[in-house]
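**Student:**
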Amino acid sequence: MSAYMASLSSSFTNFRSASSWFEVYAAFSTLMMLLRTAVNDIVPEKLRSSIAKKLESFFFPTHKPNNLVSIRINQRWDGHHGEHNELYNAASKYLPTRISETYKALRLAKLNSHKGLMLAIDANQEVIDEFEGIRYTWTLDLGSDQNADSSKSDKDPAFVLTFNEKHRDTVMKRYIPHLLATCEAMDAADKSIKIFSMAHGYWNESELCHPATLDTLALDPELKRTIVDDVDRFLKRKEFYMKVGKPWKRGYLLYGPPGTGKSSLIAAIANYLKFNVYDLELDSITSNESLMLLMRSTTSRSIIVIEDIDCNKEVHVRRREQEDFGDTDLESVQHDDAAPEIIKVDKFTLSALLNYMDGLWSGYGEERIIIFTTNHKDKIDPALLRPGRMDMHIHLSFLRAKAFRILASNYLDIPGDQPHPLFQEIEDLLDTTDVTPAVVAEQLIRSEDPDVALDGLFKFLQEIHNSGKSRDSAETLEI
Numbered sequence: 001m002s003a004y005m006a007s008l009s010s011s012f013t014n015f016r017s018a019s020s021w022f023e024v025y026a027a028f029s030t031l032m033m034l035l036r037t038a039v040n041d042i043v044p045e046k047l048r049s050s051i052a053k054k055l056e057s058f059f060f061p062t063h064k065p066n067n068l069v070s071i072r073i074n075q076r077w078d079g080h081h082g083e084h085n086e087l088y089n090a091a092s093k094y095l096p097t098r099i100s101e102t103y104k105a106l107r108l109a110k111l112n113s114h115k116g117l118m119l120a121i122d123a124n125q126e127v128i129d130e131f132e133g134i135r136y137t138w139t140l141d142l143g144s145d146q147n148a149d150s151s152k153s154d155k156d157p158a159f160v161l162t163f164n165e166k167h168r169d170t171v172m173k174r175y176i177p178h179l180l181a182t183c184e185a186m187d188a189a190d191k192s193i194k195i196f197s198m199a200h201g202y203w204n205e206s207e208l209c210h211p212a213t214l215d216t217l218a219l220d221p222e223l224k225r226t227i228v229d230d231v232d233r234f235l236k237r238k239e240f241y242m243k244v245g246k247p248w249k250r251g252y253l254l255y256g257p258p259g260t261g262k263s264s265l266i267a268a269i270a271n272y273l274k275f276n277v278y279d280l281e282l283d284s285i286t287s288n289e290s291l292m293l294l295m296r297s298t299t300s301r302s303i304i305v306i307e308d309i310d311c312n313k314e315v316h317v318r319r320r321e322q323e324d325f326g327d328t329d330l331e332s333v334q335h336d337d338a339a340p341e342i343i344k345v346d347k348f349t350l351s352a353l354l355n356y357m358d359g360l361w362s363g364y365g366e367e368r369i370i371i372f373t374t375n376h377k378d379k380i381d382p383a384l385l386r387p388g389r390m391d392m393h394i395h396l397s398f399l400r401a402k403a404f405r406i407l408a409s410n411y412l413d414i415p416g417d418q419p420h421p422l423f424q425e426i427e428d429l430l431d432t433t434d435v436t437p438a439v440v441a442e443q444l445i446r447s448e449d450p451d452v453a454l455d456g457l458f459k460f461l462q463e464i465h466n467s468g469k470s471r472d473s474a475e476t477l478e479i
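In the UniProt record's numbering, the protein residues as written are 1 to 479.
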């Protein structure tokens, strides 16, 4: 070894020549190989690994795998059939605001249900966030439905938040509340209204683009004023509801013939209040449990709509083939080789719906409006109509003179204080003829010329009137 070191020293003394540099490099490489061989032969592998980790921890203090904590934020609490996790929704809105130009794996979409571009992180992309000088790492786990050995929580999509364990209190007490508060501020700044429809047992979100407003709605002005006053009074009385011990909610029944504007009134109320809308289709509900899950997934400041309530039934009969039985809860099965089996499926009970409206579950959430619609009020179970469930019954009847002027203004730009010469004759016919706003609107839209459109409407109403489809007086509006 001494001879080798002497050779190395001699090389350094003659470093001025080009060949001397090569000799230095060769001597140094040989020395390192000898040292590596000696260390591998003498030092145990576990000790070498421990030393390497200590060196890595010393030179790279930000990477401490043993000190990292991961929190999994699943899309649904307790697996596929659990309640929707609001923290997951908040993270999905918050994280795109933390995406920088250096990120390489992103997802971008333009959906019919949304006006703008949709940006989201990809499963392979880490998102780094900093809060109060602390570094947080987010990743998206899309789930593993294909893996039969996975638990329910692993199959569900989730965001994974990773941070140093010494910041656990900061995460729970300040960072997560900061994330939720930021999301609430984003929702408040977002003026769009969402409509939720059912898809595979869950709510599917879209933007409500319905243009109806209370100003343009062809309703009797007194009826419209009554509705607006009731809604405004409801929103201002949170303390009153708490004082009297009632859930802060309101129920409306909209009834009347088809085409009288029930759906348009719902959209107008949603636009007026800036409330999201949940379109609940009872025929698609599989059980009382799924009904409660859907109801619990709705948010405060929302309108829950059940249209054509008179057409829903508690028990449905379905025809299914033998292979479709699956996990269906069957009440009775008729075995017949010559015909398909008839299965009576208990879908949901009226008591479950009533329980949510004014039972123990009625206090879940606040500042909510429940709206039923029907074409036949007399066919509805009386239990649904009593006060506390449906607080206000709104009769949307056929078009009359006062509401007609609103339609004429909307479609033909005729000011209400400057009536057309045909107005009086048309209004006289409307007061004795049963036609819906939808029918009259269809007549008005046929021409942009007010004279042509109104003349066509007048002749149309005369024809209906002469056919005998009329009555002596206007139908009374009921509130």
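Ideal Cβ placement from N, Cα and C applies to all residues, glycine included.
Note that this is a predicted model, so its numbers are computed, not measured.
1. For the beta strand (DSSP E) containing residue 70, list its first residue and its last residue.
2. If you draw a straight line from the alpha carbon of residue 428 to that of residue 216, how long is it in whole angstroms?
3. Should the stretch 293–309 be called in touch with the stretch 212–229, which here means at least 3 C-beta pairs below 8 Å?
4. I'd like to know whether the C-beta atoms of residue 73 and residue 159 end up nearer to each other than 8 Å.
5. Does the contact criterion of 3 or more C-beta pairs under 8 Å hold for the stretch 398–413 versus the stretch 435–454?
6. Using CA atoms only, rank isn't needed, just tell me which of 254, 402 and 445 is closest to residue 426.
7. Three-state secondary structure (DSSP) at residue 288?
8. Would residue 308 and residue 195 qualify as a contact pair, given that the criterion is a beta-carbon distance under 8 Å?
9. Report all residues from its chain with a CB closer than 8 Å to the CB of residue 193; omit the five preceding and five following residues, and keep chain order.
10. Any chance the CB of residue 234 is under 7 Å from a heavy atom of the ligand GTP?
11. According to the neighbour-count rule (16 or more other Cβ atoms, all chains shown, within 10 Å of its Cβ), is residue 437 buried or exposed?
12. To which residues of the same chain is residue 167 closer than 7 Å at the C-beta, ignoring the five residues directly before and after it?
13. From the DSSP secondary-structure annotation, give me the bridge partner or partners of residue 436.
14. For residue 139, which residues does DSSP report across the bridge?
15. Please state the DSSP three-state secondary structure of residue 124.
16. For the stretch 176–183 and the stretch 246–266, state whether three or more C-beta atom pairs, one from each stretch, are separated by less than 8 Å.
17. Give the secondary structure of residue 393 by DSSP, where H, G and I count as helix, E and B as strand, and everything else as coil.
18. May I have the straight-line CA-CA distance separating residue 40 from residue 24, to the nearest angstrom?
19. For residue 375, which of 354, 397, 417 and 22 has the nearest alpha-carbon?
**Tutor:** Reading it off the structure:
1. Here residue 70 refers to the residue found at position 70 of the sequence shown. 68–74 is the span of the beta strand (DSSP E), which, as asked, contains residue 70.
2. In the sequence shown, counting from the first residue as 1, residue 428 sits at position 428. In the sequence shown, counting from the first residue as 1, residue 216 sits at position 216. If I take the Cα positions, the gap works out to 22 Å.
3. no
4. One-based indexing of the sequence shown puts residue 73 at position 73. One-based indexing of the sequence shown puts residue 159 at position 159. Yes, they are a contact pair.
5. yes
6. The sequence position of residue 426 within the sequence shown is 426, counting from 1. Closest option to residue 426, Cα to Cα, is 402.
7. For this step, residue 288 is matched to residue 288 along the sequence shown. The answer is helix: DSSP assigns residue 288 an H, G or I state.
8. Position 308 of the sequence shown, counting from 1, holds the residue named residue 308. Position 195 of the sequence shown, counting from 1, holds the residue named residue 195. Contact: no.
9. Along the sequence shown, read from residue 1 onward, the residue named residue 193 stands at position 193. 207, 208, 270, 271, 274, 275, 276 and 277, listed in sequence order.
10. In the structure on display, the ligand GTP does not appear, and there are no ligands present to speak of.
11. For the purposes of this step, residue 437 is taken as residue 437 along the sequence shown, with counting starting at 1. With 16 or more Cβ atoms within 10 Å of its Cβ, residue 437 is classed as buried.
12. For the purposes of this step, residue 167 is identified with residue 167 of the sequence shown, where counting begins at 1. The answer, listed in chain order, is 134.
13. By one-based count along the sequence shown, residue 436 stands at place 436. DSSP output for residue 436 lists no bridge partner at all.
14. Taking the sequence shown and counting its residues from 1, the one referred to as residue 139 is at position 139. Partner(s): 160.
15. Within the sequence shown, residue 124 is the residue found at index 124, counting from 1. In this structure, residue 124 counts as coil in the three-state DSSP scheme.
16. no
17. Position 393 of the sequence shown, counted from the first residue, corresponds to residue 393. Correct three-state label for residue 393: strand.
18. Here residue 40 is taken as the residue at index 40 of the sequence shown, counted from 1. Here residue 24 is taken as the residue at index 24 of the sequence shown, counted from 1. If I take the Cα positions, the gap works out to 24 Å.
19. For this step, residue 375 is matched to residue 375 along the sequence shown. Of the listed residues, the one whose Cα sits closest to residue 375 is 397.
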